[in-house]
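Right, one structure below, let's go through it.
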Amino acid sequence: MHVLLLLDNNLVKVNYKVQMIEDCNIVSGDDCIAVKSGWDEYGIKFGMPSQHIVIRRLICVSPDSAMIALGSEMSGGIQDVRAENLTAIDTESAVRIKTAVGRGGYVKDIFVKGMNLNNMKYVFWITGSYGSHADNDFDPKALPDISGINYKDVIADYCNYTAKLEGIPNDPFTGICISNVSITNSDMKKLQWNCTDVEGFSSNVSPVPYELLSQKEEKKFDCPFPDEKLPIESVMLKTCSFKSV
5 MHVLLLLDNN LVKVNYKVQM IEDCNIVSGD DCIAVKSGWD EYGIKFGMPS
55 QHIVIRRLIC VSPDSAMIAL GSEMSGGIQD VRAENLTAID TESAVRIKTA
105 VGRGGYVKDI FVKGMNLNNM KYVFWITGSY GSHADNDFDP KALPDISGIN
155 YKDVIADYCN YTAKLEGIPN DPFTGICISN VSITNSDMKK LQWNCTDVEG
205 FSSNVSPVPY ELLSQKEEKK FDCPFPDEKL PIESVMLKTC SFKSV
């Protein structure tokens, strides 16, 4: 297990199997929370996924980065991340996925609900061309699997762009679900949905998504969020105090 938790208005990084972050206020010049699992061929070989992670009741300020970033070092896999009750102010993006050709691995079964965002550049941002590599020995045929990405119950005000969702040619990102979203933009003349090489569905979303995320208005639905609790959520933390004499 490799862990760096710098709370009190600093960056939180999570590697491998730290499982719950809650009730944090973070101001950062980078991602407020970054979930990673290894870089290119080294992450693939080590094969230790970051999974079963709970993030909730988070307030983030990060003008140049994300509230929560998944990747870009995700070659060991990231799965089953549950994030809820999130607030971002003056932040570049909300829950961002970063990957690239050569990473391999996967980011899948990501569940996000209850985001309140104010003064953002992007509400939804998934990047398939996050380019740098550890060295020149990465496998250019190692394509990442990005699937089962779910966002629901989002209110965002004063945003520049609704979404930039860029998959990888011949390796589309699939199973993207977005529901119950209301976004006001600072300039509605801009292209609000910039989507390439992605597949998914949406319901009750304003502004209306690009056709690659087909809107099913005839039958509204909610994107899934797991009901069952993870074991970490049942752990009872004890408080203690001491008096120096």
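Under our numbering, the first residue of the sequence shown carries the number 5, and numbering increases by one thereafter.
All C-beta atoms in this analysis are idealised placements derived from N, C-alpha and C, irrespective of residue type, glycine included.
Coarse secondary structure for residue i, derived from DSSP in three states
i: S41; result: coil
i: E88; result: strand
i: V7; result: At V7, the pLDDT of 39 sits below 50, so the modelled position is not reliable; the number obtained from the coordinates is stated separately. Of the three classes helix, strand and coil, the one that applies to V7 here is strand, per DSSP.
i: S238; result: helix
i: F205; result: strand
i: L74; result: strand
i: E26; result: strand
i: N19; result: Interpretation of N19 is limited by its pLDDT of 45, a score under 50 that renders its predicted location unreliable; the figure taken from the coordinates is listed afterwards. N19: strand per DSSP, three-state reduction.
i: D157; result: strand
i: S183; result: strand
i: S248; result: coil
i: S136; result: coil
i: K117; result: strand
i: R107; result: coil
i: N14; result: Since pLDDT at N14 reaches only 45, below the 50 mark, its modelled position is unreliable, and no value is offered.
Cross-strand partners of residue i (DSSP beta bridge)
i: K112; result: Q83 and S151
i: Y46; result: Note: Y46 sits in no beta bridge, so no partner.
i: V31; result: V65
i: T131; result: K102 and E170
i: T95; result: M124
i: S54; result: I82
i: C163; result: M124 and N189
i: F177; result: V202
i: L217; result: G204
Classification of residue i by the beta-carbon crowding that lies within 10 angstroms, buried from 16 upward
i: S133; result: exposed
i: E237; result: exposed
i: T188; result: exposed
i: D113; result: buried
i: E45; result: buried
i: C227; result: buried
i: P144; result: exposed
i: G51; result: exposed
i: N174; result: exposed
i: P148; result: buried
Supposed contact pair residue j and residue i - C-beta distance, whole angstroms, cut 8 Å
i: A87; j: V116; result: 5 Å
i: S245; j: N208; result: Rounded, the Cβ-Cβ distance is 48 Å, inconsistent with contact.
i: F128; j: A167; result: 4 Å
i: S66; j: D27; result: Actually they are not in contact, since the Cβ atoms of S66 and D27 sit about 18 Å apart, beyond 8 Å.
i: P53; j: Q23; result: The Cβ separation is near 12 Å, so there is no contact.
i: I180; j: V212; result: About 15 Å; that fails the 8 Å criterion.
i: I59; j: N29; result: Actually they do not touch by this definition, with Cβ atoms about 13 Å apart.
i: S206; j: L217; result: 5 Å
i: K194; j: Y214; result: Not confirmed; about 13 Å, so no contact.
i: A38; j: M71; result: A38 to M71, Cβ: 10 Å. No contact.
i: K102; j: T131; result: 5 Å
i: L234; j: C199; result: 31 Å between Cβ atoms; not a contact.
Closer than 6 Å: residue i CB and nearest the ligand PLP heavy atom
i: Y110; result: No copy of the ligand PLP occurs in the structure displayed, which carries no ligand at all.
Q.
Under 8 Å: do the region 156-171 and the region 135-145 share three or more Cβ pairs, one atom per stretch?
A. no
**Q.** Touching by the beta-carbon criterion (3+ pairs, under 8 Å), the region 108-128 and the region 68-82
**A.** yes
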